[in-house]
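To start, the structure itself, in structure tokens.
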Amino acid sequence: MKELKEFTIPFVGLKLGKHQFNFELNKAFFEHFEYDEFNNAAINLNVLLDKTSTLLEFTLTFDGSVNVACDITNELYDQEVSGSYKFVVKFGEEYNDENEDLLIIPHGSYEVNIQQFIYESIVLAMPSRKIHPGVEDGTLKSDILDKLEELSPKAIDEESAVEDENTDPRWDSLKKLLTDK
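The sequence shown begins at 122 in my numbering and counts up one residue at a time.
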């Protein structure tokens, strides 16, 4: 996958200590990863780089909202998303990103691209079930919700209870046998 240049951080000219970078993420960032769950995105990302003589420690802190479809009604709404993620970049013989919290880059590297860590931390911060706030508090009016209410198992139980009252009297004596045990 092609790297986005804006998320490549050149660390070779930075002094030892903490350095801060700020980014604004939108839908285009997620389209780069071919992730189409978000209709729109407005996320503020704060990257804190703590440079030491042997390693680089990154802390990603993000907050904002993404426009997604509700899992129940398919209505669009803005889902708040926030979180943080820490990972370490060390120097080694060759590039290795097998460990999710540790990135090893070759000696002599002068920059590191953090776009994959940003993408994964935001997508994993999303709730597993996306439910419109109007569904939770009962204020959303939707044809889909009305149909779900109509077809709910509770309605089926009420219909079967009505049928039980209107049974054929010839079967009543057999029902007594079941309760005599």
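Beta carbons: idealized from backbone N, C-alpha and C, even for Gly.
Separation of Asn143 from Leu245, as counted between CA atoms
Looking at the two C-alpha atoms, the distance is approximately 20 angstroms.
To which residues of the same chain is Asn220 closer than 8 angstroms at the C-beta, ignoring the five residues directly before and after it?
none
From Pro227, Leu177 and Val187, pick the residue whose C-alpha is nearest to that of Glu214; which is it?
Pro227
Contact the segment 187-194 vs the segment 206-213: 3+ CB pairs below 8 angstroms:
no
Name, in chain order, the residues that DSSP records as bridge partners for Asp184.
Asn165 and Ser203
Under 8 angstroms, do Thr166 and Phe183 count as touching if we go by C-beta distance?
First, the amino acid is wrong: residue 166 is Leu here, not Thr. Yes, Cβ-Cβ distance for Leu166 and Phe183 is below 8 angstroms.
For Phe150, the nearest candidate out of Ile193, Gly204, Thr260 and Tyr240 (CA to CA)
Tyr240
Identify, in the order they occur along the chain, each residue of the same chain with its Cβ nearer than 7 angstroms to the Cβ of Cys191, setting aside the five sequence neighbours on each side.
Tyr198, Lys251, Ile252, His253 and Val256
Check whether the Cβ of Lys139 lies closer than 7 angstroms to any heavy atom of the ligand ADP, and answer yes or no.
For the structure depicted, the ligand ADP is absent and the ligand set is empty, with no information on it obtainable.
Leaving aside the five residues before and after His140 along the sequence, list all residues of the same chain whose C-beta is less than 6 angstroms from its C-beta, in chain order.
Leu170
Cα-Cα, which of Glu124, Ser203 and Thr180 is closest to Asp222?
Thr180
Beta-carbon gap between Glu145 and Asn234 smaller than 8 angstroms:
no
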